[in-house]
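Student:
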Amino acid sequence: MNKVWAVIRREFVERVRTKWFLISTILGPIFMIVVTVLPAVLAGTGGGARHIGLLDEGSGSLATRLVTQLETGSQFRVERVTTSESGARAAMQELTERVQSKNIDGFLVVPGAALESGKFEYRGRNVSSIRDNALLQAAVRQAVMMERLTQRGVDPGVVQESQARISVTTLRITKRGATGETGEATFFLAYVVGFIMYMAIFLYSVNVMRSVLEEKQTRIIEVLVSSLRPFQLLLGKVVGVGGVGLVQMGVWGVAAAALIRYRAAVFAMFKVPAEQAAAIQLPAIGTGMVVLVLVYFLLGYLLYSAMFAVVGAVVSTDTEAQQAQMPVVMLLIPGILVFPAVLNDPAGSLSSVMGLVPFWSPIIMPIRFAASDVPAGELAASLAILAVTVIGVVWVAARIYRVGILMYGKRPGIGELVRWARQS
Amino acid sequence: MTSEPIVQIDGITKRFGDFAAVSGLSLSVPRGAVYGLLGPNGAGKTTTIRMLMDIILPDEGSVRLFGDERGGRQHSAEIGYLPEERGLYRKMRVRDTLVFLAETKGVKREVARRKADEWLMRLDLSEWRMKKVEELSKGMQQKVQFIATMLHEPALLILDEPFAGLDPINTQAIKDVIVHLSRAGTTIVFSTHQMDVAERICDHVCIIAAGRKVLDGPLAEVKRVHGGTHVAVAFEGGREFAAPIISDRTLVAKADDYGGYAELALADGVEPQMLLERLVAAAARLQRFEHIEPSLNRIFLDKVGAAGAEPRGREASRE
């Protein structure tokens, strides 16, 4: 047991010491902060300061209404330039020059017959901002609509009423009742969880493969198996590398929890206004979620690290490993491909079936759990199938590993692998 | 207990597919011996050593180490093993590597650390102990690996081609350590195909070829049993006067010309004196004329022959 412990410690310490580990561990929380804070910061800086001109070619009261409409919401600062039909060219030229000299961001051309034709033109330096364009269009559409209604004699009070903001908030309902989480936050959480599961299982399993291959390539394996049984070595390796994964996920988990808990302070640090910070939805992560993610990570990691260990054991070079790992990678890929479908309908039949297949359940089930209620029976079945598969795959993998680590030269075919697995 | 051999192999056979790498091999290594396992490339030396180490299992026969059949891994704390193919973790620090490998042999961490420092100092590697293995020269890496082989003070050292690829300075350094350990009572088994090295270090030998034992025993006895009368001759100037005499099969059974001198196996019933008389009569200018024991190389060539030195197909390259 002390020998296995020595292997575990070596795998753990050597990995934690690498720059790769340090960087990825630190980058995780930074990434989380950026993802949460950045939209708020951008909304705070980019929006209010757009300074535009409004070239009024004799549209009269519509122009007045447009200015009012654009300036409510403080997204635009509007400078109205009134011109006659004949002076339009010169005025446009002047505004264009002001855009070029960055005096203003752009200008809206309002032709005299705009109310009837409904045709406007915006000319500006940056016309690719989807958000700005949407705001501009909405304001223009609303101003035209109100002006048309008013001119047809609709009661100004009614017009005012029709302008009231409309919003639809989606809330998630679980067995415990409405959660107060919005659909967006749930979607975000489910997406992130699925992605992290995939990355963590893949990266750490591949690490096991590299470790197996390294011992084979450096030939130190022969010294090791003269002191340890191959299974002890494989066990130590898988536990050591998995430990690194758990530590990393732990750091990320703590960082995420801290971010949710102290978000007010974090937002204040980046000078995000309070009302904007409040508008940002952060998902609530329960204990059940954490436990589920850990259990599926461990089982999924065991499953894939065993398969990747076989790949490492049967090849002799990095290039061979690249090719030989393809079947295992292909096995994992469908779990990613169905991502959108599962997110769309986490309780649907596709999601249910995918959640039972052991090669995909470690990715699919946490997504489903984050996005919907998973029936307890399905969860138990999924875990049971996964656990049984892990035991079977580890058993076969250990037997192939035992033979493969001492074989060099031609890569064995499937038939030979079966023979190795059967060999006593 | 002391009279019991430390290694006892009985009739082991190992096949890879249809190919028998080792067949029916038996040998025993007395405690305290320096035992040479000799054979041409592909003879089955490495396969034999791997079975000894419990890395692969024999298809037939048994291996007893330290008087029991529990296998090399159970005795790993008492065995130091240097495989033919060398290698260490490239990115790991030198001392960490030594401590880790000692720990897999069951040595306590603190003890391993202290011993690693001692050995690194002894082999002039102290300043490298915190460096990564890949930063060391090849010779230094070989020394580190050698330290790893014996850090846990094994009673039995098993070295597969320990001198292959070493420069003369490192060869000397490692030979010194082997002699030192042997004097201290360590039993040493090593394989080589370099007969001159074996002749200088071993007190027991076993020659194998094509997976079978050709002969074994204490070196002196092997030489005595091999029989025949052997003479080393060297000439001043040309040897044209001597050539007809040396090629006379009634006098000389076999001749090995090593360039500097020739080793002659005399025909049955021929005394060295008779040869000397003939040479003098033929006016050959002798520089050296010596009655010698047969060299290990001569014995090896006689016993193994050209056929045994042929590589035996694909599997032979596994060695």
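Which chain is which? The protein sequence lines are A and B, in order.
Position in the first sequence counted from 1, then plus 819, gives you the working numbering.
Residue 241 in the working numbering sits at position 252 of the second sequence, with consecutive numbering throughout.
The beta-carbon is built from N, C-alpha and C at its ideal position, and this holds for glycine as well.
State the DSSP-derived secondary structure class of Tyr1123 of chain A, mapped to helix, strand or coil.
Tutor: Note: Tyr1123 of chain A maps to helix in three-state DSSP.
Student: Residues of the stretch 224 to 247 of chain B in Cβ contact with chain A at a cutoff of 9 Å, in chain order, please.
Tutor: Listed by position, the residues of the stretch 224 to 247 of chain B near chain A (Cβ gap below 9 Å) amount to none.
Student: Going by C-alpha to C-alpha distance, which of A:Gln1142, A:Leu1205, A:Asn1026 and A:Ala1143 sits closest to Met1173 of chain A?
Tutor: The residue with the shortest Cα to Cα distance from Met1173 of chain A is A:Leu1205.
Student: Relative to the C-alpha of Gln63 of chain B, which candidate in B:Tyr78, B:Thr93, B:Arg84 and B:Thr35 has its C-alpha closest?
Tutor: Gln63 of chain B has its Cα closest to that of B:Thr93, out of B:Tyr78, B:Thr93, B:Arg84 and B:Thr35.
Student: In the DSSP assignment, the beta strand (DSSP E) including Tyr870 of chain A goes from what residue to what residue?
Tutor: It is worth fixing the name first, because residue 870 of chain A is His in this sequence and not Tyr. His870 of chain A -> beta strand (DSSP E) spans Arg869 to Asp875.
Student: Apart from the five residues on each side of it in sequence, which residues of its chain come closer than 6 Å, Cβ to Cβ, to Val259 of chain B?
Tutor: Leu240, listed in sequence order.
Student: Work out the CA separation of Leu1111 of chain A and Leu954 of chain A for me, nearest whole Å.
Tutor: So the alpha carbons of these two residues sit roughly 42 Å apart.
Student: Considering Cα atoms alone, identify which of B:Lys164, B:Arg75, B:Asp291 and B:Ile68 is closest to Val211 of chain B.
Tutor: Checked all of B:Lys164, B:Arg75, B:Asp291 and B:Ile68; the closest Cα to Val211 of chain B is B:Asp291.
Student: Any Cβ of chain B within less than 9 Å of the Cβ of Leu1205 of chain A?
Tutor: No, Leu1205 of chain A does not count as interfacial toward chain B.
Student: List in chain order: all unbroken alpha helix (DSSP H) runs of 4+ residues lying wholly within the stretch 1013 to 1050 of chain A.
Tutor: As far as the stretch 1013 to 1050 of chain A is concerned, its whole alpha helix (DSSP H) runs of at least 4 residues are 1040 to 1044.
Student: Just to check my reading of the structure: Val133 of chain B and Leu77 of chain B have Cβ atoms closer than 8 Å, yes? What is that Cβ distance to the nearest angstrom?
Tutor: Confirmed, about 6 Å.
Student: Along the stretch 1027 to 1042 of chain A, where does the CB come closer than 9 Å to a CB of chain B? Name the residues.
Tutor: Those residues of the stretch 1027 to 1042 of chain A that come within reach of chain B (Cβ to Cβ, closer than 9 Å) are Glu1033, Glu1034, Gln1036, Thr1037, Arg1038, Ile1039, Ile1040, Glu1041 and Val1042.
Student: Measuring alpha carbon to alpha carbon, tell me which residue in A:Lys1090, A:Gly1131 and A:Gly1211 is nearest Pro1231 of chain A.
Tutor: The residue with the shortest Cα to Cα distance from Pro1231 of chain A is A:Gly1131.
Student: Could you tell me the alpha carbon to alpha carbon distance between Leu204 of chain B and Leu14 of chain B, rounded to whole angstroms?
Tutor: Cα to Cα, the separation comes out at about 11 Å.
Student: Do the stretch 1029 to 1045 of chain A and the stretch 1147 to 1161 of chain A make contact, defined as three or more Cβ pairs closer than 8 Å?
Tutor: Output reads no: the stretch 1147 to 1161 of chain A does not touch the stretch 1029 to 1045 of chain A.
Student: Could you spell out the range, first to last residue, of the alpha helix (DSSP H) harbouring Tyr70 of chain B?
Tutor: No alpha helix (DSSP H) contains Tyr70 of chain B, which is instead part of the beta strand (DSSP E) from Ile68 to Leu71.
Student: Take the Cβ of Gln919 of chain A as the centre, count every other Cβ of all protein chains shown within 10 Å, and call the residue buried at 16 or more, exposed below.
Tutor: By the 10 Å Cβ count, Gln919 of chain A comes out exposed.
Student: Applying the criterion that 16 or more other CB atoms from any shown protein chain within 10 Å of the CB defines a buried residue, is Asn945 of chain A buried or exposed?
Tutor: Its Cβ having fewer than 16 others within 10 Å, Asn945 of chain A is exposed.
Student: Below 9 Å between beta carbons: does that hold for Phe179 of chain B and Ile158 of chain B?
Tutor: No, the Cβ-Cβ distance between Phe179 of chain B and Ile158 of chain B is not below 9 Å.
Student: How about Val897 of chain A and Val886 of chain A: do their beta carbons lie closer than 9 Å?
Tutor: In contact: Val897 of chain A and Val886 of chain A (Cβ atoms closer than 9 Å).
Student: Tell me the DSSP secondary structure of Val166 of chain B in three-state form.
Tutor: Looking at Val166 of chain B - three-state DSSP - the assignment turns out to be helix.
Student: What residue range is occupied by the uninterrupted beta strand (DSSP E) comprising His280 of chain B?
Tutor: Run containing His280 of chain B: Leu275 to Ile281, per the beta strand (DSSP E) assignment.
Student: Can you tell which of A:Ala958, A:Leu857 and A:Thr844 has its C-alpha closest to the C-alpha of Phe787 of chain A?
Tutor: In the structure displayed, chain A extends from 820 to 1243; residue 787 of chain A sits before or after that span and is not available.
Student: Give the straight-line distance between the Cα atoms of Ser1135 of chain A and Tyr1227 of chain A, rounded to the nearest whole angstrom.
Tutor: Cα-Cα distance, rounded: 6 Å.
Student: Spatial neighbours of Pro1153 of chain A within its chain, please: C-beta separation below 7 Å, excluding the five flanking residues on both sides.
Tutor: Excluding positions up to five away in sequence, the list reads Trp1179.
Student: Leaving out the 5 sequence neighbours to the left and right, which residues in its chain are closer than 8 Å to Ile852 of chain A when beta-carbon positions are compared?
Tutor: Excluding residues within five positions, the ones whose Cβ falls inside 8 Å are Leu1078 and Val1085.
Student: Any C-beta of chain A sitting closer than 9 Å to the C-beta of Ala295 of chain B?
Tutor: Note that Ala295 of chain B scores 48 on pLDDT, short of 50, meaning its location in the model is unreliable; the coordinates nonetheless yield the value given after this. No, its Cβ sits nowhere closer than 9 Å to a Cβ of chain A.
Student: Within 8 Å, do at least three Cβ pairs link the stretch 181 to 200 of chain B to the stretch 20 to 29 of chain B?
Tutor: The stretch 20 to 29 of chain B is in contact with the stretch 181 to 200 of chain B.
Student: Go ahead and label Ile288 of chain B buried or exposed: buried means 16 or more other beta carbons lie within 10 angstroms of its beta carbon, across all protein chains shown.
Tutor: So Ile288 of chain B counts as buried.
Student: Could you say which of B:Gly128, B:Phe230, B:Glu116 and B:Ile136 lies nearest to Trp108 of chain B if we only look at CA atoms?
Tutor: It is B:Ile136.
Student: Got a sec: which bits of the stretch 831 to 861 of chain A sit with their beta carbon under 7 Å from any beta carbon on chain B, in order along the chain?
Tutor: From the stretch 831 to 861 of chain A, only Glu833 have a Cβ closer than 7 Å to chain B.
Student: In terms of alpha-carbon separation, which member of B:Met42, B:Lys3 and B:Glu99 lies closest to Glu58 of chain B?
Tutor: Out of B:Met42, B:Lys3 and B:Glu99, B:Met42 has the C-alpha closest to the C-alpha of Glu58 of chain B.
Student: So what does DSSP say about Ala932 of chain A, is it helix, strand or coil?
Tutor: Here Ala932 of chain A sits in coil by DSSP.
Student: Between Gln1142 of chain A and the ligand NAD, is there a pair consisting of the residue's CB and a ligand heavy atom that are separated by less than 8 Å?
Tutor: You won't find the ligand NAD in this model; it holds no ligand whatsoever.
Student: CB-CB under 6 Å to Gly865 of chain A, same chain, minus the five flanking residues each way: which ones, in chain order?
Tutor: With a pLDDT of 49 at Gly865 of chain A, under the threshold of 50, the modelled position of this residue cannot be trusted; read the value that follows with caution. So the list is empty, once near-sequence residues are dropped.
Student: For a quick check, are the C-beta atoms of Ala331 of chain B and Val293 of chain B less than 9 Å apart?
Tutor: Only positions -10 to 308 of chain B appear in this structure, which leaves residue 331 of chain B out of reach.
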